[in-house]
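Working notes for the structure below.
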Amino acid sequence: MNISVDLRTLRAVRVLRPLKLVSGIPSLQIVLKSIMKAMVPLLQIGLLLFFAILMFAIIGLEFYSGKLHYTCTPQHGILENETVDSSEYEVPCGVRRCPDKYSCSDTWIGPNDGITQFDNILFAVLTVFQCITMEGWTTVLYNTDDALGPNFNWIYFIPLIIIGSFFVLNLVLGVLSGEFAKERERVENRRSFMKLRRQQQIERELNGYRAWIDRAGSDPALVLSAEEHDDPCYLSAAVPQ
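For the sequence shown, my numbering gives the first residue as 16, with consecutive numbering after it.
The following block contains the structure:
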(Lines of atoms letter the chains of each structure in order from A and count residues from 1; the text may use other names and numbers.)
(Lines give C-alpha, C1' and ligand atoms only; values in the text may rest on other atoms or scores of the structure.)
Protein backbone atom coordinates (compact mmCIF):
# COMPACT_ATOMS: atom_id res chain seq x y z
CA MET A 1 0.00 0.00 0.00
CA ASN A 2 2.85 2.37 0.86
CA ILE A 3 4.52 1.59 -2.46
CA SER A 4 1.36 2.47 -4.40
CA VAL A 5 1.02 5.73 -2.50
CA ASP A 6 4.64 6.60 -3.27
CA LEU A 7 4.10 5.81 -6.95
CA ARG A 8 1.06 8.07 -7.08
CA THR A 9 3.15 10.81 -5.53
CA LEU A 10 5.82 10.34 -8.17
CA ARG A 11 3.22 10.43 -10.93
CA ALA A 12 2.15 13.83 -9.69
CA VAL A 13 5.56 15.12 -10.78
CA ARG A 14 4.40 14.69 -14.38
CA VAL A 15 2.61 18.01 -14.13
CA LEU A 16 6.07 19.61 -14.37
CA ARG A 17 6.60 18.26 -17.88
CA PRO A 18 5.30 21.43 -19.57
CA LEU A 19 8.29 23.23 -18.04
CA LYS A 20 10.38 21.59 -20.76
CA LEU A 21 8.83 24.08 -23.16
CA VAL A 22 10.79 26.81 -21.43
CA SER A 23 14.00 25.62 -23.09
CA GLY A 24 12.45 26.26 -26.49
CA ILE A 25 11.30 29.81 -25.79
CA PRO A 26 14.26 32.20 -25.30
CA SER A 27 12.13 35.11 -24.12
CA LEU A 28 10.54 32.94 -21.42
CA GLN A 29 13.99 31.78 -20.32
CA ILE A 30 15.00 35.40 -19.82
CA VAL A 31 11.95 36.05 -17.65
CA LEU A 32 12.42 32.96 -15.48
CA LYS A 33 16.15 33.52 -15.02
CA SER A 34 15.48 37.13 -14.08
CA ILE A 35 12.97 36.05 -11.43
CA MET A 36 15.34 33.43 -10.02
CA LYS A 37 18.25 35.87 -9.78
CA ALA A 38 15.98 38.48 -8.18
CA MET A 39 14.98 36.17 -5.31
CA VAL A 40 17.61 37.46 -2.87
CA PRO A 41 16.87 41.18 -3.47
CA LEU A 42 13.14 40.43 -3.33
CA LEU A 43 13.61 38.69 0.01
CA GLN A 44 15.36 41.77 1.37
CA ILE A 45 12.57 44.01 0.09
CA GLY A 46 10.04 41.63 1.64
CA LEU A 47 11.73 42.02 5.03
CA LEU A 48 11.70 45.79 4.62
CA LEU A 49 8.01 45.68 3.74
CA PHE A 50 7.25 43.47 6.74
CA PHE A 51 8.98 45.85 9.16
CA ALA A 52 7.13 48.81 7.61
CA ILE A 53 3.79 47.01 8.02
CA LEU A 54 4.67 46.00 11.58
CA MET A 55 5.63 49.56 12.48
CA PHE A 56 2.38 51.03 11.16
CA ALA A 57 0.39 48.21 12.80
CA ILE A 58 1.87 49.06 16.21
CA ILE A 59 1.05 52.74 15.68
CA GLY A 60 -2.49 51.75 14.67
CA LEU A 61 -2.85 49.77 17.89
CA GLU A 62 -2.11 52.92 19.87
CA PHE A 63 -4.53 55.10 17.92
CA TYR A 64 -7.47 52.89 16.96
CA SER A 65 -7.60 49.95 19.39
CA GLY A 66 -11.25 49.33 20.27
CA LYS A 67 -12.47 52.44 18.45
CA LEU A 68 -14.06 50.63 15.50
CA HIS A 69 -16.54 48.68 17.66
CA TYR A 70 -18.74 51.69 18.41
CA THR A 71 -21.81 51.93 16.20
CA CYS A 72 -25.34 53.31 16.33
CA THR A 73 -27.79 50.87 17.94
CA PRO A 74 -31.56 51.28 18.53
CA GLN A 75 -32.53 52.56 21.94
CA HIS A 76 -34.73 50.49 24.26
CA GLY A 77 -37.53 53.05 24.09
CA ILE A 78 -38.38 52.31 20.44
CA LEU A 79 -41.87 50.91 20.08
CA GLU A 80 -42.21 47.33 18.92
CA ASN A 81 -44.47 48.30 16.02
CA GLU A 82 -41.81 50.58 14.56
CA THR A 83 -39.68 49.08 11.81
CA VAL A 84 -36.03 49.85 12.38
CA ASP A 85 -33.32 48.88 9.91
CA SER A 86 -30.11 49.08 11.89
CA SER A 87 -27.95 47.66 9.08
CA GLU A 88 -27.68 51.05 7.40
CA TYR A 89 -26.16 52.45 10.59
CA GLU A 90 -23.52 49.74 10.92
CA VAL A 91 -20.65 52.16 10.59
CA PRO A 92 -18.39 53.44 13.36
CA CYS A 93 -19.63 56.29 15.47
CA GLY A 94 -18.02 58.58 17.96
CA VAL A 95 -17.43 61.85 16.23
CA ARG A 96 -20.24 60.96 13.84
CA ARG A 97 -23.56 61.50 15.57
CA CYS A 98 -26.28 58.88 15.61
CA PRO A 99 -29.82 59.69 14.41
CA ASP A 100 -32.81 59.96 16.70
CA LYS A 101 -33.73 56.87 18.74
CA TYR A 102 -30.18 55.52 18.29
CA SER A 103 -27.27 55.59 20.67
CA CYS A 104 -23.55 54.98 20.15
CA SER A 105 -22.47 51.79 21.91
CA ASP A 106 -19.53 49.41 21.64
CA THR A 107 -21.55 46.28 20.86
CA TRP A 108 -20.58 46.02 17.18
CA ILE A 109 -18.20 43.33 15.95
CA GLY A 110 -16.59 45.83 13.58
CA PRO A 111 -16.30 46.55 9.84
CA ASN A 112 -16.06 43.59 7.46
CA ASP A 113 -17.34 41.19 10.14
CA GLY A 114 -14.63 42.28 12.55
CA ILE A 115 -11.70 41.73 10.19
CA THR A 116 -10.86 45.40 9.71
CA GLN A 117 -9.75 46.51 13.16
CA PHE A 118 -6.73 47.38 15.29
CA ASP A 119 -7.56 45.43 18.46
CA ASN A 120 -4.56 43.09 18.21
CA ILE A 121 -1.37 42.90 16.22
CA LEU A 122 -2.61 40.24 13.77
CA PHE A 123 -5.70 42.15 12.66
CA ALA A 124 -3.68 45.37 12.66
CA VAL A 125 -1.10 43.86 10.29
CA LEU A 126 -3.89 42.58 8.05
CA THR A 127 -5.58 45.99 7.99
CA VAL A 128 -2.31 47.79 7.24
CA PHE A 129 -1.56 45.33 4.44
CA GLN A 130 -5.00 46.02 2.96
CA CYS A 131 -4.25 49.74 3.02
CA ILE A 132 -0.84 49.25 1.39
CA THR A 133 -2.41 47.34 -1.49
CA MET A 134 -4.77 50.33 -1.88
CA GLU A 135 -7.75 47.97 -1.93
CA GLY A 136 -10.47 49.70 0.06
CA TRP A 137 -8.07 51.79 2.11
CA THR A 138 -10.36 54.82 1.79
CA THR A 139 -13.11 52.86 3.56
CA VAL A 140 -10.75 52.25 6.48
CA LEU A 141 -9.90 55.96 6.47
CA TYR A 142 -13.57 56.98 6.51
CA ASN A 143 -14.33 54.53 9.33
CA THR A 144 -11.59 55.99 11.48
CA ASP A 145 -12.80 59.48 10.60
CA ASP A 146 -16.27 58.56 11.89
CA ALA A 147 -14.78 57.17 15.09
CA LEU A 148 -12.12 59.76 15.94
CA GLY A 149 -12.58 62.64 13.53
CA PRO A 150 -10.70 63.64 10.37
CA ASN A 151 -8.35 66.17 11.91
CA PHE A 152 -5.35 63.93 12.59
CA ASN A 153 -6.06 60.70 10.68
CA TRP A 154 -4.20 61.93 7.61
CA ILE A 155 -0.99 61.98 9.69
CA TYR A 156 -1.26 58.18 9.87
CA PHE A 157 -2.74 57.20 6.51
CA ILE A 158 -0.88 59.52 4.12
CA PRO A 159 2.62 58.32 5.18
CA LEU A 160 1.28 54.76 5.18
CA ILE A 161 0.23 54.98 1.53
CA ILE A 162 3.32 56.90 0.40
CA ILE A 163 5.86 54.68 2.16
CA GLY A 164 4.06 51.35 1.85
CA SER A 165 2.45 51.54 -1.56
CA PHE A 166 4.30 54.12 -3.64
CA PHE A 167 7.80 53.39 -2.32
CA VAL A 168 8.26 49.87 -0.96
CA LEU A 169 6.00 48.00 -3.38
CA ASN A 170 7.51 49.84 -6.35
CA LEU A 171 10.93 48.59 -5.24
CA VAL A 172 9.76 45.11 -6.25
CA LEU A 173 9.05 46.31 -9.78
CA GLY A 174 12.39 48.10 -9.85
CA VAL A 175 14.33 44.98 -8.85
CA LEU A 176 12.53 42.79 -11.38
CA SER A 177 13.04 45.37 -14.12
CA GLY A 178 16.75 45.67 -13.32
CA GLU A 179 17.34 41.91 -13.30
CA PHE A 180 15.38 41.53 -16.53
CA ALA A 181 17.56 44.18 -18.21
CA LYS A 182 20.76 42.49 -16.97
CA GLU A 183 19.66 39.05 -18.16
CA ARG A 184 18.61 40.39 -21.54
CA GLU A 185 21.99 42.13 -21.89
CA ARG A 186 23.76 38.86 -21.06
CA VAL A 187 21.78 37.03 -23.70
CA GLU A 188 22.49 39.70 -26.30
CA ASN A 189 26.23 39.63 -25.50
CA ARG A 190 26.28 35.86 -25.82
CA ARG A 191 24.50 36.02 -29.16
CA SER A 192 26.95 38.65 -30.40
CA PHE A 193 29.90 36.52 -29.27
CA MET A 194 28.57 33.39 -30.97
CA LYS A 195 27.86 35.37 -34.13
CA LEU A 196 31.38 36.83 -34.16
CA ARG A 197 32.91 33.43 -33.49
CA ARG A 198 30.96 31.89 -36.36
CA GLN A 199 31.94 34.75 -38.64
CA GLN A 200 35.62 34.31 -37.81
CA GLN A 201 35.36 30.59 -38.50
CA ILE A 202 33.78 31.26 -41.88
CA GLU A 203 36.51 33.78 -42.70
CA ARG A 204 39.23 31.27 -41.84
CA GLU A 205 37.63 28.65 -44.07
CA LEU A 206 37.20 31.21 -46.84
CA ASN A 207 40.85 32.25 -46.62
CA GLY A 208 41.86 28.61 -46.92
CA TYR A 209 39.77 28.19 -50.08
CA ARG A 210 41.21 31.39 -51.53
CA ALA A 211 44.78 30.27 -50.86
CA TRP A 212 44.01 26.93 -52.45
CA ILE A 213 42.55 28.57 -55.55
CA ASP A 214 45.38 31.11 -55.88
CA ARG A 215 48.12 28.48 -55.75
CA ALA A 216 46.31 25.77 -57.68
CA GLY A 217 47.98 26.63 -60.97
CA SER A 218 51.45 27.21 -59.57
CA ASP A 219 51.93 23.92 -57.70
CA PRO A 220 49.73 20.96 -58.83
CA ALA A 221 51.41 18.63 -56.35
CA LEU A 222 50.26 20.82 -53.49
CA VAL A 223 46.70 20.67 -54.79
CA LEU A 224 46.86 16.88 -54.81
CA SER A 225 48.10 16.90 -51.23
CA ALA A 226 45.21 19.12 -50.19
CA GLU A 227 42.74 16.82 -51.94
CA GLU A 228 44.23 13.80 -50.17
CA HIS A 229 43.79 15.50 -46.81
CA ASP A 230 40.31 16.67 -47.83
CA ASP A 231 40.97 20.00 -46.10
CA PRO A 232 41.54 23.25 -47.99
CA CYS A 233 43.04 24.76 -44.85
CA TYR A 234 45.88 22.26 -45.18
CA LEU A 235 47.05 24.17 -48.22
CA SER A 236 47.31 27.48 -46.42
CA ALA A 237 49.18 25.80 -43.59
CA ALA A 238 51.53 23.90 -45.85
CA VAL A 239 52.41 26.72 -48.22
CA PRO A 240 54.83 29.29 -46.81
CA GLN A 241 53.41 32.79 -46.75
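A virtual CB, placed ideally from N, CA and C, is assigned to each residue, including glycine. Model, not experiment: these values are computed from the prediction.
Ranked by Cα distance from Phe71, the first of Thr86, Val143, Gly129 and Lys52 is Val143. DSSP, read as helix, strand or coil, puts Ser192 in helix. In the three-state DSSP reduction, Tyr85 falls in the coil class, being neither helix nor strand. For Cys146, the uninterrupted alpha helix (DSSP H) run begins and ends at Ile136 to Ile147, by DSSP.
The distance from the Cβ of Met149 to that of Ser180 is about 5 Å, consistent with a contact at the 8 Å cut-off. Secondary structure note for Ser118: its beta strand (DSSP E) is the uninterrupted segment Tyr117 to Ser120. Inside the segment 167 to 219, DSSP marks whole alpha helix (DSSP H) runs of 4 or more residues at positions 169 to 174, from first to last along the chain. Beta bridge pairing from DSSP links Pro107 with Thr86. Boundaries of the alpha helix (DSSP H) harbouring Trp152: Trp152 to Leu163, taken from the DSSP string. Looking at Gly81, Ile176 and Arg199, the one whose alpha-carbon comes closest to that of Ile124 is Gly81.
Only exposed fits Val55, as fewer than 16 other CB atoms lie within 10 angstroms of its CB. DSSP places Gln132 in the coil class of the three-state scheme, outside both helix and strand.
DSSP places Pro56 inside the alpha helix (DSSP H), whose first and last residues are Met54 to Tyr79. Approximately 6 Å separates the beta-carbon atoms of Cys146 and Leu175; this is inside 8 Å, confirming the contact.
For Trp123, the secondary structure class from DSSP, reduced to helix, strand or coil, is coil. When the five nearest sequence neighbours on each side are left out, the beta carbons in the same chain lying within less than 7 Å of the beta carbon of Asn168 are those of Leu156, Thr159 and Asp160, in order along the chain.
In this structure, the beta-carbon distance from Glu194 to Ser42 does not fall below 7 Å. At least 7 Å separates the beta-carbon of Leu76 from that of Ala162. Tyr85 is positioned such that its CB atom lies closer than 7 Å to that of Pro107.
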